[in-house]
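*Asks:* So the sequences go chain by chain: A and B. In our numbering, each residue carries its 1-based index in the first sequence increased by 1. In our numbering, each residue carries its 1-based index in the second sequence increased by 2. Let me begin by handing over the structure; questions about it come next.
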Amino acid sequence: MMQPRLRPVLLAVLALGCGNDDPVGGTDTDPVVVVPDEPTAVPVQPLLRRLTSAQYAASVVTLLGPAADASVRLEPDVDELGFASVGAGVNAVSALGVERYEDAAAQIADRVVAEGALVDLLACEPTGPADRACADEAIDALGRRAYRRPLEADETAALGDLWQVLAEDHGTETAWRDLITTLLQSPWFLYRVELGDGAGQLTDHEWLTRTSFLLFAAPPDDAMLDRADAGELSDPKDRAAFVDELLDDPRLDAGVRAFVTEWWHLEELQALDKDPLIFGHAHPELGPAALEETLTVVSDIVLGDADFRDVLTTNRSYIDPRLAALYEVPAPALDGFGWTELPRSRPGVLGHASFLALHAHATRTSATDRGLFVRSTLLCQPIPAPPADIDTTIPEPNEDAPTLRDRLAVHLESPSCAGCHALTDPIGFAFEQFDGVGRWRTTEGGATIDPSGELDGTAFADAAELAGVLREEPILLPCWSTSLWHYATGRIEAPLATTDWMAEAWAAEGHALRPLLRELVLSDAFSAVEAP
Amino acid sequence: MNRFVPSRRGLLRGMLGGSAVFLGLPWLEARATCDTGFPKRFGMFTWGNGNLPDRWTPQGSGVDYTLSEQLMPLAAWQSRMTVCTGLEIKVPNTSPHWSGAVALLTGQELDGDDDSWTVRAPTIDEVIADAIGGDTLYRSVLVGVADAETFSYQGPNAPNFGETSPFALYERLFGSTFREPGKKGVVDPSLGRRRSVLDAVMGDLDRLSSRVSAADRVRLEAHSDAVRDLEQRLARLEEDPPDLAACERPSTPDEDYPDIDGRQQLSAKCRAFADLVAMSLACDQTRVFNISHHRPLSNVLFPGATDGHHNLTHNEGGEQPEVHDATLAVMEELAYLYEALDRIPEGDGSVLDHCMVLACSEISEGRTHRLDEVPFILAGGACGSIGMGRHVRSDGRENVNKAMFSVLTALDLPITSWGAEDTEVTGGWDQLEGA
Numbered sequence: 002m003m004q005p006r007l008r009p010v011l012l013a014v015l016a017l018g019c020g021n022d023d024p025v026g027g028t029d030t031d032p033v034v035v036v037p038d039e040p041t042a043v044p045v046q047p048l049l050r051r052l053t054s055a056q057y058a059a060s061v062v063t064l065l066g067p068a069a070d071a072s073v074r075l076e077p078d079v080d081e082l083g084f085a086s087v088g089a090g091v092n093a094v095s096a097l098g099v100e101r102y103e104d105a106a107a108q109i110a111d112r113v114v115a116e117g118a119l120v121d122l123l124a125c126e127p128t129g130p131a132d133r134a135c136a137d138e139a140i141d142a143l144g145r146r147a148y149r150r151p152l153e154a155d156e157t158a159a160l161g162d163l164w165q166v167l168a169e170d171h172g173t174e175t176a177w178r179d180l181i182t183t184l185l186q187s188p189w190f191l192y193r194v195e196l197g198d199g200a201g202q203l204t205d206h207e208w209l210t211r212t213s214f215l216l217f218a219a220p221p222d223d224a225m226l227d228r229a230d231a232g233e234l235s236d237p238k239d240r241a242a243f244v245d246e247l248l249d250d251p252r253l254d255a256g257v258r259a260f261v262t263e264w265w266h267l268e269e270l271q272a273l274d275k276d277p278l279i280f281g282h283a284h285p286e287l288g289p290a291a292l293e294e295t296l297t298v299v300s301d302i303v304l305g306d307a308d309f310r311d312v313l314t315t316n317r318s319y320i321d322p323r324l325a326a327l328y329e330v331p332a333p334a335l336d337g338f339g340w341t342e343l344p345r346s347r348p349g350v351l352g353h354a355s356f357l358a359l360h361a362h363a364t365r366t367s368a369t370d371r372g373l374f375v376r377s378t379l380l381c382q383p384i385p386a387p388p389a390d391i392d393t394t395i396p397e398p399n400e401d402a403p404t405l406r407d408r409l410a411v412h413l414e415s416p417s418c419a420g421c422h423a424l425t426d427p428i429g430f431a432f433e434q435f436d437g438v439g440r441w442r443t444t445e446g447g448a449t450i451d452p453s454g455e456l457d458g459t460a461f462a463d464a465a466e467l468a469g470v471l472r473e474e475p476i477l478l479p480c481w482s483t484s485l486w487h488y489a490t491g492r493i494e495a496p497l498a499t500t501d502w503m504a505e506a507w508a509a510e511g512h513a514l515r516p517l518l519r520e521l522v523l524s525d526a527f528s529a530v531e532a533p
Numbered sequence: 003m004n005r006f007v008p009s010r011r012g013l014l015r016g017m018l019g020g021s022a023v024f025l026g027l028p029w030l031e032a033r034a035t036c037d038t039g040f041p042k043r044f045g046m047f048t049w050g051n052g053n054l055p056d057r058w059t060p061q062g063s064g065v066d067y068t069l070s071e072q073l074m075p076l077a078a079w080q081s082r083m084t085v086c087t088g089l090e091i092k093v094p095n096t097s098p099h100w101s102g103a104v105a106l107l108t109g110q111e112l113d114g115d116d117d118s119w120t121v122r123a124p125t126i127d128e129v130i131a132d133a134i135g136g137d138t139l140y141r142s143v144l145v146g147v148a149d150a151e152t153f154s155y156q157g158p159n160a161p162n163f164g165e166t167s168p169f170a171l172y173e174r175l176f177g178s179t180f181r182e183p184g185k186k187g188v189v190d191p192s193l194g195r196r197r198s199v200l201d202a203v204m205g206d207l208d209r210l211s212s213r214v215s216a217a218d219r220v221r222l223e224a225h226s227d228a229v230r231d232l233e234q235r236l237a238r239l240e241e242d243p244p245d246l247a248a249c250e251r252p253s254t255p256d257e258d259y260p261d262i263d264g265r266q267q268l269s270a271k272c273r274a275f276a277d278l279v280a281m282s283l284a285c286d287q288t289r290v291f292n293i294s295h296h297r298p299l300s301n302v303l304f305p306g307a308t309d310g311h312h313n314l315t316h317n318e319g320g321e322q323p324e325v326h327d328a329t330l331a332v333m334e335e336l337a338y339l340y341e342a343l344d345r346i347p348e349g350d351g352s353v354l355d356h357c358m359v360l361a362c363s364e365i366s367e368g369r370t371h372r373l374d375e376v377p378f379i380l381a382g383g384a385c386g387s388i389g390m391g392r393h394v395r396s397d398g399r400e401n402v403n404k405a406m407f408s409v410l411t412a413l414d415l416p417i418t419s420w421g422a423e424d425t426e427v428t429g430g431w432d433q434l435e436g437a
């Protein structure tokens, strides 16, 4: 178990509310925070996680460089507990998935050859098939990046033999091309293999890989692997210093974006199904723009070490002319994105087109979907699906029931519906002032929309007030800590003692995410695996 | 109890026990052959969110029956298909859509709850592919028209996905590795290299497999099975293709089917897929196919619809005219599939005559997720294995597993039971099997 630590707050100036360019780093005069003691970690059985589609793409670029960045079609990810990263440890690959791995490997390797990028990848360029020492050197370097650990001698020999036979029959260039396809289809590349060190801990390389995918959404690069090879990650002090380096690395931005994208299912914004005949603002580029807005706002909060709960309440946003038109505010830049201040009525990401459009139907809003997201994703309060055998029809819009709140009254009157809908719909009604793509409105069917309600006993007047109430919900930090745990470890089980500790540590660090990530990757819980 | 295990797929399947219990006798693949010598094929055509049962069930029964409103798009095929009604999926309806889908296609209840579930056994297309799919390039060909999910499982936590792009399916089936029968084309020289690479991959999978947990080993085994299938396919591609009169390279589908008014081109895509699947049967590249028009719960926007399909089933009022139109649109695609299969001659008949095509959905009435009156249509009859041209109605909510048992035995699978526990059946549906 780790000792309690006393550390300066990473950033003491957040109260000034400055922009995102503030320097990070404390001084001796910073106040100290007391991070609580980590509970005893319970070692768990090692778990084989397949790379998600996003992790596969990042791994290809780390292995082969930007020239290999081909858009390939893989089998779709399968979510478990709402996370592709958890599903990656549960589901088996399909026959189509394996076929697509082969196809993708060929496309990527062909691209590397066609771009003339092959020679740059070889640590040593063999003079011919017989030049095995040189070939093995190149294979070791490529293999280490692919497998995220040094190759065993017999692995190098087997790959070297394959290369040599191919080189003799087809020439060295083809042999390298085929060697790349071999690495890209190896289970050591396709799965994040964690077997442990035999003494209850991840090996240094396994810890490095887990940390790198969490913080950078990518596998470790050569420089990081060098540190592990040299044993420079074994000592807790060295490891902590290394983590501080990673947390200051610009690649953290990609890691934050990947986490938030999975957590909130924002990838669905790439193909938003909206009826353009109903929503004039619906456009194939609306979803991607909304995605960029939300990810940039969240990343800015994290990299600025602001209170992470600001994601719910900040009015500062990053929009392009398309979003500016939707939000009816001046565009901050003529072309592309820029920072701006949105009206108070659009609270944080809950006022973004991303949330508002994703959690609505193709042709209209859905108070239930929006409420469901708040309950299940932001508060970790799962809501069961409606019973299978009930009639779920709600009335058509009519004079007596012009607004959705009027029509959904049936949900709240029927006892079999109200049990769940009383939890979701009143939250969703707060967002009824935004239509199915997130455009502001004050009336529906000629009647004024009433966005007021209460969240578990606390009244709110509108969406902005609701966001303020949510921000202070006691369950918020434990819930978000649990989500981060699932994402970081791929585990279905989330030990309550650990996630509660994460929440306390988070609060102790002024709710900034970066220090929490530091605590997490350096914790015993993060590294503990059962000895085989 | 002996189980028929035709490949190494045993591990994944054996973990929790499949639905099908096979006779312990060695089973000769030659059995799944029509008297004319053509192989029997199995096809599945599924769609999500059910139908409107009151407008689905035909009038009269036996051969003298009148098609219903919702089945009218199939009128030209009345003598070539048999409509089964009154069947029920006999499991607790704990998870809307998924309870029905899992039990319909695996014979038994899902494992888990609405938040997190999987199947307990492989789906029927996989069971059949294990029995009759071994000799062809592909054990089965899976297609997802609106969504990649085809509702096919190799076993627990092992979902299969369908090809969603007709062009990509064309490339796989009829691309550079395809050789037309009789034409002594050049064997693709890269095939041997690809096999060497896959050999190395198999070695890695085997070595890693011995070091991981039991649950992970099952997953790696599924991975190895698929790699082995791929290797075998590449080996077969080096041999001369079977000499089949009707087999020819089909025309190339469009590379892309862009949305129109925010809606997928469902019909154009589905028809392009049907043409490719039909030709892949004629070329004996596969004997099992699975076309998912759209998955259970799919909220796909049909052309002209004012809301997604799933939403409409729950929210559209009155007689649900838009839900009705969606069902008609799906039936039109089913009719086209029949046509595509029937267009290709085989012997004195057509490919369709040698197929058993099962069309079904996971529920009947979408609004209430009813599991009785589940839609179930057979076509082709697999060269007379089941009599076509009929409406077979159960007035006693017959267990749908009985009809599935009949389908499996029509394809000569030597099973003795289908389903598990309360849903298990040990024989087919008499009414369906009698002429």
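Yeah, the Cβ is synthetic: ideal placement off N, Cα and C, and Gly gets one too. Note that this is a predicted model, so its numbers are computed, not measured.
1) Taking the alpha helix (DSSP H) that THR210 of chain A falls in, what are its first and last residues?
2) Going by other Cβ atoms of all chains shown within 10 Å of its Cβ, with 16 needed for buried, is LYS186 of chain B buried or exposed?
3) Determine which residues share a DSSP beta bridge with PHE435 of chain A and list them.
4) Taking only beta carbons into account, state which residues of the segment 177 to 203 of chain B come closer than 8 Å to chain A, listed in chain order.
5) Measuring only the C-alpha atoms, how far is VAL85 of chain B from SER63 of chain B?
6) To which residues does DSSP link ASP374 of chain B through a beta bridge?
7) Taking a contact to mean a Cβ-Cβ separation below 8 Å, would you say GLY437 of chain A touches THR369 of chain A in this structure?
8) Indicate whether PHE169 of chain B and ALA150 of chain B have their beta-carbon atoms separated by less than 8 Å.
9) Using DSSP with H/G/I as helix, E/B as strand and the rest coil, what is GLY339 of chain A?
10) When you compare the CB of VAL229 of chain B with every CB in chain A, is at least one pair closer than 8 Å?
11) Counting only C-beta atoms, is LYS238 of chain A closer than 8 Å to chain E at any point?
12) Can a CB atom of chain A be found closer than 8 Å to the CB of LEU112 of chain B?
13) Residues of chain B with CB under 7 Å from THR183 of chain A, in chain order?
14) Would you report the Cα separation of THR182 of chain A and ASP104 of chain A, rounded to the nearest angstrom?
15) Excluding the 5 residues preceding and the 5 following GLY161 of chain A in the sequence, name in chain order all residues of the same chain whose CB lies nearer than 7 Å to its CB.
16) Contact criterion: CB-CB distance below 8 Å. Does TRP189 of chain A meet it with respect to chain B?
17) Have a look at B:GLN156, B:ASP309, B:ARG372 and B:GLU90 and flag the residue whose alpha-carbon is nearest the alpha-carbon of ALA224 of chain B.
18) Which of the three DSSP states is assigned to PRO516 of chain A in this structure?
19) When burial is assigned at 16 or more other CB atoms within 10 Å of the CB, is SER235 of chain A buried or exposed?
20) Measuring alpha carbon to alpha carbon, tell me which residue in B:SER269, B:SER215, B:ILE346 and B:THR166 is nearest LEU97 of chain A.
21) Given that a residue counts as buried once 16 or more other Cβ atoms are within 10 Å of its Cβ, and exposed if not, what is ARG345 of chain A?
22) Compare the C-beta of VAL279 of chain B with all C-beta atoms of chain A and state if any pair is closer than 8 Å.
23) For PRO388 of chain A and HIS360 of chain A, what's the separation of their Cα atoms in angstroms?
24) Can you pull the chain B residues whose beta carbon is under 7 Å from the beta carbon of GLU466 of chain A, in chain order?
25) What separation, rounded to the nearest whole angstrom, lies between the Cα atoms of VAL470 of chain A and TYR192 of chain A?
26) Using a Cβ-Cβ cutoff of less than 7 Å, which residues in the same chain neighbour TRP79 of chain B once the five nearest sequence positions on both sides are dropped?
27) With DSSP run on the structure shown, which of helix, strand or coil describes ASP1 of chain A?
28) Exposed or buried, which one is LYS238 of chain A when buried takes at least 16 other CB atoms within 10 Å?
29) If I follow the unbroken beta strand (DSSP E) through PRO161 of chain B, where does it start and stop?
30) Which residue marks the beginning of the alpha helix (DSSP H) containing MET333 of chain B, and which one marks its end?
31) Take every Cβ of the segment 288 to 308 of chain B, pair it with every Cβ of the segment 231 to 250 of chain B, and state whether three or more of those distances are shorter than 8 Å.
32) What does a CB cutoff of less than 6 Å around GLY436 of chain B pick up in its chain, not counting 5 residues either side in sequence?
33) Taking the alpha carbon of LEU330 of chain B as the reference point, which residue from B:LEU69, B:MET46 and B:THR35 has its own alpha carbon closest?
34) Taking DSSP as the reference, what is the three-state secondary structure of HIS284 of chain A?
35) Contact between the segment 267 to 274 of chain B and the segment 203 to 212 of chain B is defined here as three or more beta-carbon pairs at a separation below 8 Å; is this criterion met?
36) Which chain A residues sit within Cβ distance under 9 Å of ASN53 of chain B?
*Replies:* Short version:
1) 205 to 217
2) exposed
3) A:TRP441
4) ARG195, ARG196, SER198, VAL199, LEU200, ALA202 and VAL203
5) 9 Å
6) B:GLU90
7) no
8) no
9) strand
10) yes
11) In summary, chain E is missing from the structure at hand, where the protein chains are A and B.
12) no
13) VAL199, ALA202 and VAL203
14) 9 Å
15) ARG133, ALA136, ASP137 and ILE140
16) yes
17) B:GLN156
18) helix
19) exposed
20) B:THR166
21) exposed
22) no
23) 21 Å
24) In chain order: nothing, as chain B lies at least about 30 Å away.
25) 41 Å
26) ALA337, TYR340 and ALA381
27) Only positions 2 to 533 of chain A appear in this structure, which leaves residue 1 of chain A out of reach.
28) exposed
29) 160 to 163
30) 323 to 344
31) no
32) none
33) B:LEU69
34) coil
35) no
36) Within 9 Å Cβ-Cβ: nothing; ASN53 of chain B doesn't reach chain A, min ~16 Å.
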